[in-house]
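A.B. asks:
Residue numbers (our numbering): 2 to 233.
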């Protein structure tokens, strides 16, 4: 993993201390000198299997304040690590591996090596990868729809802005209109989606499609998602 050359006079130990000071949660960034396009060119050159999970229609542009979210095959973790920096400059990225190895699980600063997705789901997402002209790969329509539903329910929870069920209003406004986007993606994927779109209705749909995590995985994700505990 790259260590930003700023403050070279501090030495390696001093730079690590400075990085922890300005980036205490250990977020990862694509350095400005590499950029988003360079990052994907490097992945393609290395044959690193990956999928951009969501909000990829305008790549390589990413809206200000938003992250790049990708899933990579376990064998690509070393390649991706070597391209990223913990110094908070450039494009922020959240990346997950199939098994969550080496700190590539969900919210590694809070959870201990918990994979973002069940292994079967991660494999399906990677197998559905479709290369785009810029060098990045995206999931097919089914994986895109189910992956976004999974993200909204099991990773974001109440922060998605979705209501828990038909009887409760949303607890907060989300950064995206997940209900509208998921309705459109479900139609494209040919997967029925109950209306109104709630976390309960998506949870039921994901169970039918084989994408619901087992109880142990849900319990491991629960510290980062209050909806899981409330729905148990």
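All C-beta atoms in this analysis are idealised placements derived from N, C-alpha and C, irrespective of residue type, glycine included.
This one's a predicted model, so the numbers in the text were calculated from it and none came from an experiment.
For residue 20 and residue 93, what's the separation of their Cα atoms in angstroms?
C.D. replies: In the chain shown, counting from the first residue as 1, residue 20 sits at position 19. In the chain shown, counting from the first residue as 1, residue 93 sits at position 92. Residue confidence for residue 20 is low, a pLDDT of 45 falling below 50, so the modelled location carries little weight; the figure read from the coordinates is stated next. Each residue's Cα considered, the two are about 15 Å apart.
A.B. asks: Kindly list the residues whose CB is nearer than 6 Å to the CB of residue 107, restricted to its own chain and excluding five residues on each side of it in sequence; keep chain order.
C.D. replies: In the chain shown, the residue the question calls residue 107 occupies position 106. So the qualifying residues of the chain are 115 and 117.
A.B. asks: Using the Cα positions of residue 196 and residue 53, report the straight-line distance between them to the nearest angstrom.
C.D. replies: Residue numbering aside, residue 196 sits at position 195 when the chain shown is read from its first letter. Residue numbering aside, residue 53 sits at position 52 when the chain shown is read from its first letter. Using only the alpha carbons, I get a separation of about 27 Å.
A.B. asks: Is DSSP giving residue 25 helix, strand or coil here?
C.D. replies: Sequence index remark: in the chain shown, residue 25 carries index 24 (1-based). Caution applies to residue 25, whose pLDDT of 42 falls short of 50 and renders its modelled position unreliable; the model cannot decide the point.
A.B. asks: Per DSSP, residue 31 forms a beta bridge with which residues?
C.D. replies: For the purposes of this step, residue 31 is identified with residue 30 of the chain shown, where counting begins at 1. DSSP, once it has assigned bridges, lists 92 as partnering residue 31.
A.B. asks: Specify the secondary structure class of residue 194 as computed by DSSP and reduced to three states.
C.D. replies: Reading the chain shown from its first residue, position 193 is the one you call residue 194. It is coil, neither helix nor strand.
A.B. asks: How would you label residue 132, buried or exposed, when you count the other beta carbons within 10 angstroms and need 16 or more for buried?
C.D. replies: Counting from 1 along the chain shown, the entry for residue 132 is found at position 131. Exposed, by the Cβ-count rule.
A.B. asks: Assess, as a yes-or-no matter, whether the segment 120 to 132 is touched by the segment 161 to 173 under the definition of 3 or more beta carbon pairs within less than 8 Å.
C.D. replies: As far as the Cβ criterion goes, the segment 161 to 173 does not touch the segment 120 to 132, which means the pair count is below three.
A.B. asks: At 3 residues or longer, what runs of the beta strand (DSSP E) sit wholly inside the segment 39 to 117?
C.D. replies: Listed in chain order, the complete beta strand (DSSP E) runs (minimum 3 residues) inside the segment 39 to 117 are 51 to 53, 69 to 73 and 92 to 98.
A.B. asks: With respect to the alpha helix (DSSP H) encompassing residue 151, which residues constitute its N-terminal and C-terminal limits?
C.D. replies: Residue mapping note: residue 151 aligns to position 150 of the chain shown, counting from 1. Note, residue 151: alpha helix (DSSP H), 142 to 151.
A.B. asks: Taking residue 190 as the reference, which of 142, 179 and 225 has the closest Cα?
C.D. replies: On the chain shown, position 189 is the one that residue 190 refers to. Closest option to residue 190, Cα to Cα, is 142.
A.B. asks: Are the C-beta atoms of residue 48 and some chain B residue less than 8 Å apart?
C.D. replies: Absent from the structure is chain B; it holds one protein chain and no more.
A.B. asks: According to DSSP, is residue 130 helix, strand or coil?
C.D. replies: Translated into positions along the chain shown, residue 130 becomes position 129. Note: residue 130 maps to coil in three-state DSSP.
A.B. asks: For residue 210, verify whether its CB is less than 7 Å away from any heavy atom of the ligand FMN.
C.D. replies: Ligands in the displayed structure: none, and consequently the ligand FMN is not present.
A.B. asks: Can you find the residues in the same chain that come closer than 8 Å, C-beta to C-beta, to residue 55, ignoring five residues on each side of it along the sequence?
C.D. replies: As a position in the chain shown, residue 55 is number 54, starting the count at 1. Once the five neighbours on either side are set aside, the close Cβ partners of residue 55 are 70, 145, 148, 149 and 152.
A.B. asks: Which residues mark the beginning and the end of the alpha helix (DSSP H) in which residue 208 is found?
C.D. replies: Stepping through the chain shown from its first residue, residue 208 is reached at position 207. Here the alpha helix (DSSP H) through residue 208 covers 200 to 209.
A.B. asks: Rounded to the nearest angstrom, how far is the Cβ of residue 112 from that of residue 231, given a contact under 8 Å?
C.D. replies: By one-based count along the chain shown, residue 112 stands at place 111. By one-based count along the chain shown, residue 231 stands at place 230. So it is not a contact: roughly 18 Å between Cβ atoms.
A.B. asks: Determine the closest residue to residue 130 out of 87, 179 and 140, with distance taken between C-alpha atoms.
C.D. replies: Residue 130 sits at position 129 when you count from the first residue of the chain shown. Nearest of 87, 179 and 140 to residue 130, Cα basis: 140.
A.B. asks: Does residue 165 come out as helix, strand or coil in the three-state DSSP assignment?
C.D. replies: Start at 1 with the first residue of the chain shown, and residue 165 comes out as number 164. In the structure shown, residue 165 sits in coil (DSSP, three-state: anything other than H, G, I, E or B).
A.B. asks: For residue 121, name the three-state secondary structure that DSSP assigns.
C.D. replies: To locate residue 121, count along the chain shown from 1; it is residue 120. In this structure, residue 121 counts as helix in the three-state DSSP scheme.
A.B. asks: Helix, strand or coil, according to DSSP, for residue 176 in the structure here?
C.D. replies: Taking the first residue of the chain shown as 1, we reach residue 176 at position 175. Coil, per DSSP.
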